[in-house]
Structures are given as C-alpha cells and as structure tokens.
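Residue numbers (my numbering), protein chains in the order written: chain A, -16 to 558; chain B, -16 to 558.
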C-alpha cells in the first residue's frame, strides 16, 4: 500500500513531462464520487425523481431493487462519461501533438547552439531549451530518440520496435523557433575553431554529404558504444543490446534458434545447445532481458512449441560477485530467488574468455576454464567512448586525461573548452553512473544554464549601449546623467548575480523488471531508502515507465502493446 | 447506400472466416433496440418506475426533460453493456485463440500430406483440412503467413510489419492432430520417389540441416518470385514489394531519401531528384503504393518536414496502355482523375529500360528514350516461377511444357504426377489471374478433395475386408452371405459416387486503395457488376480487408494500427 506515495514521489522528482490525462482523470473521478454521494443520499430519502424537482412519489415496494437500479444507472452514466470524455480529451491532445504550427525562422542575431546526439541527454535538453534565445541545430545519425530501458522488451516481442522510439522532429517542430535536425554522423569537432564536421553515412547520399558548420555553444551528447574488452569473438558472434536494430536482431536470432531446434531429426544434445541462451552482464539490461526471455518461454513457447518448451535454458553471466550492484542487498537476494524459481542460472564471479560460433568459453570462480555450448550469446556488459570522443579529447591533451570520458567541471563545461563546449551523458566522465536518469537531468540543467547565459548576454549588450552613451557624453541634464549611472550600476549588479549553480544530481531511484510479472525498486524516500519487490512493484514499474516516456503517442503505443501481449501473446514469426 | 448489401455479398462469398464477433454484436444490437422500444413505450404511458412494478407515480411536470433523462439513461446503459459485454467476449475469444489444447500424435496408419509453402494457398488449405484423415507436414522458409495485399501500407508505416503476419503454428496448433511445421527451404521434389528434400537456410544452423521425407500427397504451393525481365539494374537498385522485408526496406529507403534531401546545403535539383519516387507496375500493388505514398506526404511529411513537403513527386510507370487492367473502364478513369488531383503522374505505354543508382531509363510511348533522375525505384511488376518449380517441371518434360508455371488438370492435379501432386496458387498455370483470392479458393477446395479421398480410401479398405471375407467363404447362413453381397454392392456404388467436382473459381470482386481515403471496387452482383469508387468504398475496403484477415488477433492489430495513424500519424523515424 506504499505504492501510491512512492509513485507520486518518483513522478514528481523525475522532472519528466507527466501524462496530462492524469489530473483530468483525477478530477473526473472526484466529480463522479460526488455524484455518487448525491445519488446515494437522495435514494435514502426520496428514491425517485427528486433531482427533477417533483413531489416525492410513494416509496417503492422493494428498496434494495431500487438502490440496485440506481447503482446500475450510475455505473452506466459513469461509463458513458468516462468513455466519451476520455476519448474526446485523448483525441484533442493527440491532434495537438501531431499538428505543429508555424515556427519563427533562424535569427542571425542569435547565437547558435549545436547539439550532437539524440539520446537521453540531447532529447531532454531539446525538450527544455527556449528557442527564443538561440538558433538550435541537432546532429545525430539517428533521427529519433530511443527509450533504451525498454529494449529488452522489444528483443522478445513484448513491445513493437517503433513503440519505443520517437522522431526528434516530434519535439523540435513544437518549438517556437525552427530547429534544424540533421541526420548525419559527426566526424570531427574542432574546439579551437568552434566547428563541427558531419557526414551523411546512410545508404542513400546526395551530391552534398559532408559539411562543416560553426557553433557558439556545443552540447556534446553522443553517448557511448559497446565495450567488448577486446574479448575474441564478441564482435562477431554475440548480439548486443544497445540500439533498436540490436533488439530486432536478437528476436530474429532467438526465433532462429527455436526453429532450428524444431528441425526434424535434430539430436537431443544439439537441441539443448540451440535452446541455451547466455546473457552476459548482470546489470539491469542483462537481468531484464533474462526475465523477459523467461516470460516468453512460459507464456508463448509452451503454447506453440510444446515439444521444446521444457528444454530452454537461460544463463546469466556476471564477472562481479553479484548481479545488480546498484540495488540493495535484499533486492539482489529477491532477484536471485526469483531467478531460481524461473530456472534462470546466475553465474557470478565468472568471466567470458571467448565467444565462439556455437559456444562460450567461461572462466569460473575457481579459475577453471569451461566451454559451454549455446545457441545465442547476448552481450550487455558495459560502455566505452566513441572514436569521435577520443579524437576530441586528443585535441585538448593537457586537460582531457580521464580515460573514462570527457572531463567536465561542475557546470558540465568541457575542461579546456569551458567557454563553448558542454558534455553530458555517457560520453562524459563524472562521479555519477552512466544512466538515462543522469543524462536526462544534465540535459534539462544545461537548457536552464543556456537560458541564464542568454539573459546575461542580453544585459551585457544593454550595458555596453549605456556605457557608449555615457562616453559620448551628450546629456540634457545632470539628472539624466545620474540616471544612466544608476542604470549602469543596477545592470552590473544584476549581471554579477547571474551565476549558474553547479549541476547536482537528484537520484529518483532504480527500477528493474525481473520476469514473472515481478519488478524490484530501490527508491529514496525522506532520508532513507525504500526497497520493494514483487507484483505491485511490477505495476509501479509499468506506470513509472509509461510516465517517463516522452509523449502521449509513445505512452499509448507502449500501453496498447502491453495489452496486446496480455490478449494475444507474443508473435513467434521469425521475420 | 449500396454499401451494406455489397458488403454482405462479398463477405458471404469470400468464404473466409468471418469475425465471430459479428453475429454477437448483431444480437446485442437487436436486444438493445428491443430494450429501447420498451423504454419509449413505457415512457409515454407511465414515465417512471413501471418496469419495477410500482403503481404509476403522478406525471412529472416536464415531459421533455423526463424523456431526455430516459434517453440518457438508455445511452448510459447501452454504453455500459457494450463496453463490458464486448470486452468480455473479446477477451474470451482472444484467450481461446492463444491457448491451444493438446493434440493427437501422428498416426502411422494415416497417409502423409506434405504442404510446401505458407502463403494464401497453403494457409487456406491448412485452415480447412481435417487432420483426422492425415498426418500433415508443412515446409516453408517463412514460419508465418503474410497478408500480401497490405504490404504497401507497411511500406509507408500505416501498419506495423507484424500486424499483417500470422505464425503458421497459430493455425496448426488448433488442429485435432499435431501438424509438423518446418522452417526450411525445399530444394528438391522427386515426383517418382514421392520425396521432398529441404534444408535450413537461415543464419543459425544445427548439426542436422538437410533432410528428405516421403509423402503420399504433395500440395505444391510455393508461390512465385519477382519477375525482373532481366532489365539491367532492377535487381541491384530497385526495391521490391513482395516480402515483408521488402516493405521494411522501402520504408527505410524512403525516409533515407527524405533525410538526405534535408541535409544542409543540398542543391535544389538534387532535392528534387531525391524526392522523386518512381513506382513501376500499374497493378493493384503499384497503385496502392502510390496512393499510400501520397497519403504519407500529405498527412505526415507536411507536418514534420514542411520545407520539403511541396517538392515530392510520385510517378507510376506502366508498360500497358492503362493501369489496373482488371478493373472496369469507369474505375480506371476515376483512379486516373484521383491521381491527377493527388499530383501522381501516370506514364502508360512506358517501358523501363534500365534502373541506375540515381535514375531510371524509360522508353516513352513515342519510342524516345529518357533518363529520369529519381531517389527511389519500387518494382511491382509481375511474377516468375521459382527455381524449385522449374526443376520439378524439368523432371516431367513430356507433360510440363507451360512456361508460365505448373500445368494442372481441372482438379488441380499436376500433369504427369496426377496421383500424388497438387499445385495451387501462383506457381501453377491456370486460366485464372495469379491472385490471393484464387490461391485461397484453391487451398480450401483441395482440403475438401483430400477429405473425399480419405473417405474413399476408408471405404475401399472396408470393401477389401468384405471381399476377403467373401473369398474365405465361411458364412453362418445364406442370409448372411446375401447381406455381405448387398454391402459390397452398396459400398461399390458409394465409392463410384465419390467423384470430386473440378475446381471452379467464384470471383468475389476486386478492390484497390488509391489514396486520399478513396478506394475502388469491382464487384460481381447478381448477373451484372457493380463498380464503385470513393470514400464509402474506402470504408468498405477496410472492413473487407479486416474480415478476410485470418485471425481475431490480426484483425485487432490492423484495426488498432489504423486508429493509431488516425490519432498520431505515421512514424518518420528512419529505423
């Protein structure tokens, strides 16, 4: 029963756009409750026709029956109001989202902010930034935002791939001023000349496919790429879990294993190999993927491939002594026991030495080496910096020495290019974990900082005007001169006061789905921490995810996908 | 207002599984209408509390108000009943579909039917066949059925790819006896030895990946592949519209063109080239694709890429003198005028001579050669036989001489292998057009023929038992002997009567969507033909498609996709 309190805390503090439907629904429920109160009161005193102002008729013979009718009448009306009103509101909001209006053109007087990336950090910045202050250009090889925490759900077919992505233009087209969105890969950043070079690396290219543009401020939010630790075979044989096409590839490969196991005449050992799924990485991605895989087996494979259902095996491999190190001990134990029930093997303190075509080579806790036959290896084990980031850091060798990523000050300014480059998200090296939550808060913070800078710039411009006027020295009266001095003084004071506060991260908690309709949550509450696990937490997990998904559209898509799976199960086509 | 009559005609005669929800809904509506009749009658005589059997109260002061309340009450109840009842029925049916029960095992006494393919013909056969009579094995490189007429909708993102496919096991698992579904490519058919060889050609292979099995009856329903007429560049540069991955590739390529056109500094001519989409083939696929592309431009591109929206051009190229030759003249003209309004150019009597990376070479009606710059060429121009089919035909050179495909008799038996091979759908050469409708009717016909054969086999077995008994000649009485003679006579008569009728195709009409929420339909009615075009036909087109989609699941998925596009528009992510 702690659920709703926690839910409110999380929703408030996540600082994401919450469903605009919610307050409306709450209001409606209140009205209905009031209506119900009136109904029941009136039914005790004057069971019929009271509200139309008639003299009370004789009491009916059966009081219970009448109350029952009243109740049915009420439920009928409530349903009607909910259906019609809800549908109307929903339709209105959806249409508003999909029909952006005209926008202001680029203003050559304004400074240019170039944003590299379209992930959590960049998207959060774009949502918050005030385009009245700047000309904004976004450059990313993907023209959409990907809701990464739900990737494991896509990998087993619980969600459709397009339900968890949102075109970047769905945000930028609703801004006051035109934002230029360019689908291209940045190939070079020159912090001295303040320029970015980017190229169209997609299949279809035009006559122009490489360009360099200048920036006044650069928001560097390119994220990271998969860390393979140079372990042999990972790049070639393992499936990653980072981009949308990874999840789609995983689904295809998984169904391929199942169909190959179903091939007539396949021998038992080979069936066992094909149906052994190894997930490497005991972080939230690896754990959620294992949980989702288990759900798929239990809910769907059993129905459509009954002959195989008992033979699937899932193993989760983690080099550290425990899975989910970011969670509290009791939740780790809860996860472990749930996995045990689900027959998911957890191998901790175990390192992957090589991934082969049909097996994975493991170094066990006792340092012995085992080659384990398997059909599929999913690699969900860490990040490393992109080439672009390494090249950029190499240009500022004195300041950029952190091997984990771009070193920033506590205002997220890149060390060595503090005047013009900000770095946020997984590409930066901070004291925070590389999570969506951190990147998202950094993006929103940066948008506020940029607004302060714009305000300061405006005041400085005004100040220089006034100082020029003072220098010119043509005053109508002494009083006017004193006024100008006063104004200059005031402006200087106000400018001095504009000091952006350093970025501070406010942890909203950690959530993970662990399969079997159970989730775990570690949430800060007051000065302590709440750890919770189970089915209620699962429902909370769903609603938290729904409320952090950016748009009404994505919320609806994900919710209908969940409903579809509940109704029809997952699709077992190998597409 | 002809709509509903036509709808009924089509739905009845298509012979597809119709929504089981419909009769229920009709019944419910009837009940509601009755309920309403009672309400209105009672409200005239005794406005309140009549139905609960109370003495009539004094009439209320405002008659209109009371009637209004009654009406609202009725609407409320009707909504409640519809919502609750509809949801309940829906849930029940969905659960029934997704939870198949146990099945009988293979019976070595029964004959084996091997089905090659999982398209319209094969799927229709599988739906209809009685597995009590046979052991059934399905072999297809796809483990799902693809609803091909909706491919153009997937290509522009109106529908999700997985909404128009259905795993073959969703049908076979509901059969009385286990059906073996094998995801593999048939590589050889030996009509003399009655064997099929097939191989797992997917990425993940087991130790066993090629096998040969025998059959008593083979249903050859492998379809056709894309006909390129050996025109240079088609295979390399054009996008096809035949399989699901073609539609997904088309969507990706189309969005790639748009994003490349939006690249900063792209010159005007290049933008025009990139946004010129050429569709080759004036059949229903080409026409529907052009229409869907136009919808995408109008509904979505305008909103998210306003700077490009006016610059897109669609050209439909057809070698024959007119598009849609299967439709009546007035509908062709209607399509042409709709396309003119939609600014889709139709080039008839125009032949494609070559497809290049950035252009298409056309031979115009006056025989002149033009090279037209374009961003994308979609190839929707005809079928040709697969290699497997050509190899099979080469084994029966005397009988198989038709270059269009497998020659069959009027019982769909392959000439030269009449005793054991049936060919249906696009791989066969008949007098019918290679359409989904023909293949579907052939599949259902064949299932009925196989049932007749099984019945005949059963009777022949019985006959031979009786004749053996007669030969043995041990009778208790003369009467018994006469009885046996009688039985033998009767059985012989019954066996002689089992003569499958030849296949006859019953044309249910032709439908095509032409964009701008308009469709055209040519439907046989009584002895004549009804030609209809416009928005009403579009709604009819949708409901006809929904009712021919095989399962409740797919119907729901497609309907919610349509609703989603209505609410949120299409996704412009280049995934």
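Glycine residues also receive a C-beta, built at the ideal position from the N, C-alpha and C atoms.
The C-alpha of residue 468 of chain A is placed about 14 Å away from the C-alpha of residue 457 of chain A. Taking residue 301 of chain A as the centre and dropping the five residues before and after it, the same chain places the C-beta of 265, 331 closer than 6 Å to its C-beta, in chain order. Counted as a single uninterrupted DSSP element, the beta strand (DSSP E) harbouring residue 260 of chain A occupies residues 259 to 263. Put simply, of B:242, B:349, B:156, B:485 the residue whose alpha carbon is nearest the alpha carbon of residue 288 of chain B is B:242. Within chain A, the C-beta atoms nearer than 7 Å to that of residue 82 of chain B come from 286, in chain order. Secondary structure remark: continuous beta strand (DSSP E) runs of at least 3 residues inside the region 360 to 410 of chain B, in chain order: 404 to 406. Residue-level contact check: residue 504 of chain A does not touch chain B, since none of the beta carbons of chain B fall below 9 Å from its beta carbon.
Of the candidates A:59, A:311, A:52, A:59 places its Cα closest to the Cα of residue 55 of chain B. Taken in chain order, the members of the region 259 to 286 of chain B whose beta-carbon sits within less than 7 Å of a beta-carbon on chain A are 286.
Under the three-state reduction of DSSP, residue 484 of chain A is assigned to coil, being neither helix nor strand. DSSP places residue 94 of chain A within a strand segment (E or B) once states are collapsed to three. Here the alpha carbon of residue 529 of chain B sits roughly 8 Å from the alpha carbon of residue 542 of chain B.
Of the residues assessed, residue 554 of chain B falls on the buried side of the cut-off, its CB having 16 or more other CB atoms within 10 angstroms.
If you check the CB distance, residue 551 of chain B and residue 152 of chain A do not come in under 9 Å.
Taking C-beta atoms as the reference points, residue 258 of chain B and residue 295 of chain B count as a pair closer than 9 Å. If you draw a straight line from the Cα of residue 371 of chain B to the Cα of residue 173 of chain B, it comes to about 11 Å. At least one C-beta of chain A is nearer than 9 Å to the C-beta of residue 242 of chain B. Under the Cβ criterion (8 Å, minimum of three pairs), the region 270 to 288 of chain A counts as touching the region 124 to 136 of chain A. Per the C-alpha coordinates, the member of B:356, B:168, B:81, B:129 positioned closest to residue 123 of chain B is B:168. In this structure, B:406 is the residue among B:406, B:366, B:353 with its C-alpha nearest to the C-alpha of residue 383 of chain B.
The beta-carbon of residue 359 of chain A is placed less than 9 Å from the nearest beta-carbon of chain B.
Ranked by Cα distance from residue 261 of chain A, the options A:539, A:236, A:284, A:417 are led by A:236. For residue 153 of chain B, the nearest CB of chain A lies under 9 Å from its own CB, placing it at the interface with that chain.
Under the three-state reduction of DSSP output, residue 216 of chain B falls in the coil class, being neither helix nor strand. With the criterion set as a beta carbon lying under 8 Å from some beta carbon of chain B, the members of the region 110 to 128 of chain A are 125, 126, 127, in sequence order.
Under the DSSP definition of a beta bridge, residue 296 of chain A partners with A:259.
A straight line joining the alpha-carbon of residue 367 of chain A with that of residue 387 of chain A spans about 7 Å. Ranked by how close their Cα comes to the Cα of residue 280 of chain B, the residues B:494, B:325, B:142 have B:325 in first place. For residue 555 of chain B, the nearest beta carbon of chain A is closer than 9 Å to its own beta carbon. According to the DSSP assignment, residue 166 of chain A belongs to the beta strand (DSSP E) that extends over 162 to 166. Counting along the chain, the unbroken beta strand (DSSP E) around residue 178 of chain A starts and ends at 178 to 182.
Residue 93 of chain A and residue 116 of chain A have their C-alpha atoms spaced approximately 7 Å apart. Secondary structure note for residue 309 of chain A: it is in no beta strand (DSSP E), with a DSSP letter that is neither H nor E. Under the three-state reduction of DSSP output, residue 224 of chain A falls in the coil class, being neither helix nor strand.
Taking the beta carbon of residue 150 of chain B as reference, the chain A residues within 8 Å of it are 287, 554, 555, 556, listed in sequence order. Sequence-distant Cβ neighbours of residue 357 of chain A in its own chain, meaning closer than 8 Å and more than five residues away, are 256, 259, 260, 261, 298, 341, 342, 343.
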